[in-house]
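*Asks:* First to last, the protein sequences are chains A and B. If you read the first sequence in my numbering, its first letter stands for residue 1, the second for the next number, and so on. If you read the second sequence in my numbering, its first letter stands for residue 1001, the second for the next number, and so on. All C-beta atoms, glycine included, are put in the ideal place defined by N, C-alpha and C. Note that the structure is a prediction, hence the values are computed from the model and not measured.
Number of protein chains: 2
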Amino acid sequence: MNSEPGTLNKSIEVCVAKGMMHLHDVTDKTVVVVDILRATSCMVTAFAHGVDCIMPFADLEECRAMSKQGYITSGERNGEKVEGFDKGNSPFEYNEVIRGKKIAFTTTNGTQAISRSIGARDVVIGSFLNLTAVANYLIKSPNNILVVCAGWKGKVNLEDTLFAGAVVEKIKDNVTIDDDPALIAQHLYNLAKGDKVEFLKKASHIKRLNRLGIHEDIEYCLTEDKFDVVPRLKDGILCC
Amino acid sequence: MNSEPGTLNKSIEVCVAKGMMHLHDVTDKTVVVVDILRATSCMVTAFAHGVDCIMPFADLEECRAMSKQGYITSGERNGEKVEGFDKGNSPFEYNEVIRGKKIAFTTTNGTQAISRSIGARDVVIGSFLNLTAVANYLIKSPNNILVVCAGWKGKVNLEDTLFAGAVVEKIKDNVTIDDDPALIAQHLYNLAKGDKVEFLKKASHIKRLNRLGIHEDIEYCLTEDKFDVVPRLKDGILCC
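1) Note the first and the last residue of the continuous alpha helix (DSSP H) segment covering residue 161 of chain A.
2) Below 8 Å on the Cβ atoms is my contact criterion, and I expect residue 29 of chain A with residue 146 of chain A to pass it. Report the Cβ-Cβ distance as a whole number of Å.
3) For residue 1204 of chain B, would you say it is in contact with chain E, using Cβ-to-Cβ distances shorter than 7 Å as the test?
4) Determine the chain A residues that contact residue 1191 of chain B at a beta-carbon separation under 8 Å, and present them in chain order.
5) If you run the structure through DSSP and keep just helix, strand and coil, what is residue 1003 of chain B?
6) So residue 1135 of chain B packs on residue 1161 of chain B, CB below 8 Å; how close in whole Å?
7) Can you tell which of A:56, A:223, A:119 has its C-alpha closest to the C-alpha of residue 25 of chain A?
8) Assuming the contact rule is C-beta atoms closer than 8 Å, residue 1087 of chain B and residue 1093 of chain B should be a hit. Round their C-beta distance to whole Å, please.
9) Helix, strand or coil for residue 1183 of chain B? Go by DSSP, reduced to three states.
10) Roughly how many angstroms separate the alpha carbons of residue 148 of chain A and residue 205 of chain A, rounded to a whole number?
11) Taking the beta carbon of residue 1033 of chain B as the centre, do at least 16 other beta carbons fall within 10 Å, making it buried, or is it exposed?
12) Is the distance from the Cβ of residue 40 of chain A to the Cβ of residue 125 of chain A below 7 Å?
13) Could you please give me the residues that DSSP links to residue 239 of chain A through a beta bridge?
14) Counting only Cβ pairs nearer than 7 Å, list the residues of chain A close to residue 1157 of chain B.
15) Just to confirm the assignment, what range does the alpha helix (DSSP H) spanning residue 77 of chain A have?
16) Which residues mark the beginning and the end of the alpha helix (DSSP H) in which residue 1217 of chain B is found?
17) Output needed for residue 35 of chain A: all residues of its chain with C-beta closer than 6 Å, excluding positions within five of it in sequence on either side, in chain order.
18) I need the straight-line Cα distance from residue 1292 of chain B to residue 1233 of chain B, nearest angstrom please.
19) Compare the Cα-Cα distances from residue 1051 of chain B to each of B:1043, B:1058, B:1057 and report the closest residue.
20) Starting from residue 87 of chain A, trace the beta strand (DSSP E) both ways and give me its first and last residue.
21) Between residue 1154 of chain B and chain A, is any beta-carbon pair separated by less than 7 Å?
22) Ordered along the chain, which non-local residues of its own chain (more than five positions away) have a Cβ less than 8 Å from that of residue 230 of chain A?
23) Please report how far the alpha carbon of residue 1105 of chain B lies from the alpha carbon of residue 1164 of chain B, in whole angstroms.
24) I'd like to know whether the C-beta of residue 162 of chain A is nearer than 7 Å to at least one C-beta of chain B.
25) Please state whether the Cβ-Cβ distance between residue 1197 of chain B and residue 181 of chain A is less than 7 Å.
26) How many angstroms separate the CA atom of residue 13 of chain A from the CA atom of residue 45 of chain A?
27) Would you kindly work out how many angstroms separate the C-alpha atoms of residue 102 of chain A and residue 235 of chain A, rounded to a whole number?
28) When the cut-off is 7 Å and only beta carbons count, does residue 1124 of chain B lie next to chain A?
29) Taking residue 38 of chain A as the reference, which of A:220, A:238, A:228, A:224 has the closest Cα?
30) Around the C-beta of residue 215 of chain A, are 16 or more other C-beta atoms found within 10 angstroms, so that it is buried, or is it exposed?
31) In three-state DSSP terms, what is residue 1176 of chain B?
Written as structure tokens, this is what we have:
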């Protein structure tokens, strides 16, 4: 247990899908946005490789228009790269020399969850790749915490729930957990953590992605603590 | 495994809170409505004790007005009995001689989940008390299945999710499970089934109910297979 007085006054909640965000008051919170497969895993990889900033867009055409301002255009719809965009939604596309570049990014679920977090005291980007970095950031912050799972087309998915559970498990001694979704996620993570790839084999989104032939992406996105970056939203733009 | 050809063509999905029902097409489905603490546990208890019918109301005053037509008025708001109503939301109030009576019932979450199920091919009432009866009913039906967790004020709760998982676990050999919430619920139930009361001690709603001093209600509502009834909605009225 954490011995600092008052620390446990900080709470953690989990929003299981972006469509339920209206049930949460974000104004006093650090919101952790997660879309494990694959938006937030891409973003974390890009920042770990020196990207200057990422501007998230819910709207596809607004994102496309940013190419005129020198931005790299990135994104997917329904798991596949958008025609005419520079990059898609595989983290390996961001695992290269992109130092100093600016990216305009849109995805089916992840960037929309970011848009809905506007108004929060603080917004950070979470993935297994930067799990411990995010956990340490949250422990140091005085804010209450809301982990927002992007989900899949409005519904709950296993991989984002698992990440939410990983955050709860990592910071459990520093927060009060009075939120059933947080408890559910924590139980699931503790069940799965020994072999997340195996645990997720039955998950509907994983089956869908495996049909797209991107098993390597999945293994990569489930790897913990490859990077020590915590991307944050400032004035609508992600930076590190 | 079930050996009947074609049986696995039947699917099961779980809607984790009533606010997410718009994401599911119910027209081809048997919807199982669950509000373990305590609406659907009360309803199942009432039918097991011979009640004639239960008319569910989302609106409090519409429910109250039914007393003029000879209905017993039942219900709660925020876990407490409504002033002027005949009965509240403790299953022990329905564990007595009510044979042949008619009940008008309204609750914070459960009856609203029932209202939103209108349009489904079939709607049944689930609780741990009639778990196996519901499971057998679903196995015999050709319809796809949607378990709707009432939740708590729009959010996911542990006890309804556990029940959804119990249904998935009971009928897993007779259905295709291609739905992450169903998998999550099934994992949770298998973790909790040895001692659900202990598992749920940290749940936020349980803590709230324990503050109301109704520990006996909780233990009762988590008891499996006390009754062999399957209440069904017909023309807006529950009967057995």
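*Replies:* In short, the structure shows the following:
1) 158-171
2) 5 Å
3) In the structure shown, chain E does not exist; the protein chains are A and B.
4) 187, 191
5) Only weak support exists for where residue 1003 of chain B lies, its pLDDT of 43 falling under 50; the coordinates are left without a value.
6) In this structure, residue 1135 of chain B and residue 1161 of chain B do not form a Cβ contact; the two beta carbons are roughly 17 Å apart against a cut-off of 8 Å.
7) A:119
8) Between residue 1093 of chain B and residue 1087 of chain B the Cβ distance is about 5 Å, and since that is below 8 Å, they are a contact.
9) helix
10) 18 Å
11) buried
12) yes
13) A:232
14) 180
15) Residue 77 of chain A -> not in any alpha helix (DSSP H); beta strand (DSSP E) instead, spanning 72-77.
16) Membership of residue 1217 of chain B in the alpha helix (DSSP H) is indicated by the continuous run 1215-1221.
17) 109, 110, 150
18) Summary: the structure shown does not reach residue 1292 of chain B, with chain B confined to residues 1001 through 1240, and so no result is reported for it.
19) B:1043
20) First-last for residue 87 of chain A: undefined, no H or E at that position.
21) yes
22) 124, 125, 130, 133, 134, 137, 240
23) 23 Å
24) no
25) no
26) Roughly 26 Å separates the two Cα atoms.
27) 15 Å
28) no
29) Nearest C-alpha to residue 38 of chain A: A:220.
30) exposed
31) strand
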